[in-house]
Structure formats: structure tokens, C-alpha cells
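What follows is a short report on a single structure.
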Amino acid sequence: MARDPVCGKEIDEAAVRAVTGQTAYGAPEVDPTKGTRRFHEGVWYYFDTLDCRSKFLASPDTYIKKAAS
Ligand SMILES: [Zn+2]
Numbered sequence: 590m591a592r593d594p595v596c597g598k599e600i601d602e603a604a605v606r607a608v609t610g611q612t613a614y615g616a617p618e619v620d621p622t623k624g625t626r627r628f629h630e631g632v633w634y635y636f637d638t639l640d641c642r643s644k645f646l647a648s649p650d651t652y653i654k655k656a657a658s
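Take 590 as the starting number for the sequence shown in our numbering and just add one per residue.
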């Protein structure tokens, strides 16, 4: 299980990665309501909502430090 660095909620990585379909151009499409993830400085971070991801992206260092402690 991964942990959302913003709210601390446990995230099911498999659900986040589950592909729900394909875009018109053949790119995999995922359902953002099931969570999302972001690659940041060599690590994947998982979020339960786009809201949490936005907070993380606004100030990643704040949340990375909090998650590590
Ligand atoms: Zn969250």
C-alpha cells in the first residue's frame, strides 16, 4: 500500500493504475476519481484525489518531509 503524502490515507496502487479505457489516440486512460499518482524526483507519489495532488504539487517538499518523518 502506498500512502497519500497529503492526507495520509492509504492508497491501493493497483486501483490507481487500473486502466478504464483508451483515449482516441490509444493512450491508456485511468479514472482520476479512483486516485492518481505523480512521478516526482524519482519516486511515485499516490493521491486519493486530484485535490490532494494539487496541494502536493504546490509545495512538494513540505509533504515529502512530513511523509518521511
Ligand atoms: Zn488525500
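Idealized CB from N, CA, C, for every residue including glycine. If you're wondering where the values come from, they're calculated on a predicted model, not measured in any experiment.
Going by beta carbon distance, what residues of the same chain come within less than 7 Å of Ile653, once the five residues before and after it are set aside?
Closer than 7 Å at the Cβ level, and outside the excluded window around Ile653, lie Pro594.
Phe636: buried (16+ other C-beta within 10 angstroms of its C-beta) or exposed?
buried
Just list the beta strand (DSSP E) runs in the region 599–630, keeping only unbroken ones of 3 residues or longer that don't cross its boundaries, in chain order.
Qualifying beta strand (DSSP E) stretches, in chain order: 608–611, 617–619, 625–629.
Ignore the nearest five residues each way along the sequence and tell me which others in His629's own chain have a CB closer than 7 Å to its CB.
Pro649
For ligand 1, I want to know if Val605 counts as a neighbour, meaning its beta carbon is within less than 6 Å of at least one of the ligand's heavy atoms.
no
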